[in-house]
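Residues in the sequence shown are numbered consecutively from 0, following numbering that gives the first Met the number 0.
Think of the CB as a built atom: it goes at the ideal place given N, C-alpha and C, for glycine as much as any other residue.
As the structure is a prediction and not an experimental result, all values here were calculated from the model.
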Amino acid sequence: MSSIMSRKAIQNLAETICKQIKHFSKAEVECLIRLFNGLVSGDHQAASGRAVQGLDRGRFRHVLHITFGMTDDMLMDGVFRAFDKDNDGFVSVREWTEGLSVFLRGTLDEKIKYCFDVYDLNGDGYISREEMFHMLKNSLIRQLTEEDPDEGIKDLVEITVKKMDQDHDGRLSFSDFEKAVKDENLLLEAFGCCLPDAKSVLVFEQQAFQDPSEH
0 MSSIMSRKAI QNLAETICKQ IKHFSKAEVE CLIRLFNGLV SGDHQAASGR AVQGLDRGRF
60 RHVLHITFGM TDDMLMDGVF RAFDKDNDGF VSVREWTEGL SVFLRGTLDE KIKYCFDVYD
120 LNGDGYISRE EMFHMLKNSL IRQLTEEDPD EGIKDLVEIT VKKMDQDHDG RLSFSDFEKA
180 VKDENLLLEA FGCCLPDAKS VLVFEQQAFQ DPSEH
């Protein structure tokens, strides 16, 4: 079965991408491009010869769910936005490799920026009380048995704001979030899981970075 891109085209693209991202070797980027092509071709006619735009939201969320066990719709949408840097509604092959570089192997600084982007639901550069409330309600609702857990979640939002809001303006800027997480790393995923656990990373990398000749 012919792939969307020739081997040479994949090598050339991998070389270009490698110059712009950290954490992956050229061979690993080639593997990620092949994986991306396989995922995209599930939605598109590979033989049509038409240029594919990339992974749409539904297919991308499917990958997050099946591969990394994510189940929170709100956070999966946030992860999609964090990967889709140009906001065109598709994750391109370049956005895919750049995003996975941070998602799988990012430094703390890179992950702080990534998590902030995921949690900033409306993209205005702040995490508001309302956004905190919705995310915490979404991630905690399964664990709460109260009839109306809203009051408890509102209390949690207030505790979080008091702890993380450095400039006391009632919302979290990037610098607020960054300082709070650097002081206490556990706050990185304060509003819900948006990074894979170590086991999921290991399984994904073992599968994704096989030598193509072994397939």
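Meets three-Cβ-pair contact criterion under 8 angstroms: the segment 120-131 and the segment 199-210: Taking 8 angstroms as the limit for Cβ pairs, the verdict is that the segment 199-210 does not touch the segment 120-131.
Using a threshold of 9 angstroms, state whether the C-beta atoms of V90 and G53 are closer than that. For V90 and G53, yes; Cβs fall inside 9 angstroms.
Given a cut-off of 9 angstroms on the beta-carbon distance, is the pair L139 and I152 in contact? For L139 and I152, yes; Cβs fall inside 9 angstroms.
Can you grab the Cα-Cα spacing for the pair Q44 / D149, in whole Å? Bear in mind that the predicted position of Q44 carries a pLDDT of just 45, short of 50, making it too unreliable to give a figure here.
Are D108 and G77 closer than 9 angstroms when you measure CB to CB? Against a cut-off of 9 angstroms, the Cβ pair of G77 and D108 comes out as no contact.
Cβ-Cβ distance between E97 and F82 below 9 angstroms: Taking 9 angstroms as the Cβ cut-off, E97 and F82 qualify as a contacting pair.
So, at 6 angstroms on beta carbons, what are the nonlocal neighbours of S2 in its own chain, with the 5 sequence-adjacent residues on each side left out? At S2, the pLDDT of 46 sits below 50, so the modelled position is not reliable; the number obtained from the coordinates is stated separately. Excluding residues within five positions, the ones whose Cβ falls inside 6 angstroms are N36.
Looking only at DSSP bridge pairs, what is F173 linked to? BP columns for F173 are empty, so no partner.
Contacting residues, own chain, Cβ-Cβ under 7 angstroms from M131 (five flanking each side not counted): Excluding its 5 nearest sequence neighbours in each direction, M131 has C-beta neighbours in its own chain below 7 angstroms: V156, T159 and F190, listed in chain order.
Can you tell me whether DSSP reads F89 as helix, strand or coil? DSSP places F89 in strand when its eight states are reduced to three.
Helix, strand or coil, according to DSSP, for L54 in the structure here? Here L54 sits in strand by DSSP.
Taking only three categories from DSSP, how would you classify I20? The DSSP-derived three-state label of I20 is coil.
Determine the contact status of G105 and D196, defining contact as a CB-CB distance below 9 angstroms. With contacts defined as CB atoms closer than 9 angstroms, G105 and D196 fail to qualify as a contacting pair.
Beta-carbon gap between V92 and I16 smaller than 9 angstroms: Closer than 9 angstroms, so yes.
Residues of its chain near S100, where Cβ-Cβ distance is below 7 angstroms and the 5 sequence neighbours each way are ignored: Once the five neighbours on either side are set aside, the close Cβ partners of S100 are I20, K21, H22 and F23.
Could you tell me whether the Cβ atoms of L31 and A207 are closer together than 9 angstroms? Between L31 and A207, the CB-CB gap stays under 9 angstroms.
Residues near L34 by beta carbon distance below 6 angstroms, same chain, minus five either side: The answer, listed in chain order, is A207.
Quick check on the burial criterion: 16 or more other C-beta atoms within 10 angstroms. Buried or exposed for I111? By the C-beta density criterion, I111 is buried, having at least 16 other C-beta atoms within 10 angstroms.
By Cβ distance, which residues of its chain are closer than 7 angstroms to K7, with the 5 residues on each side in sequence left out? So the list is empty, once near-sequence residues are dropped.
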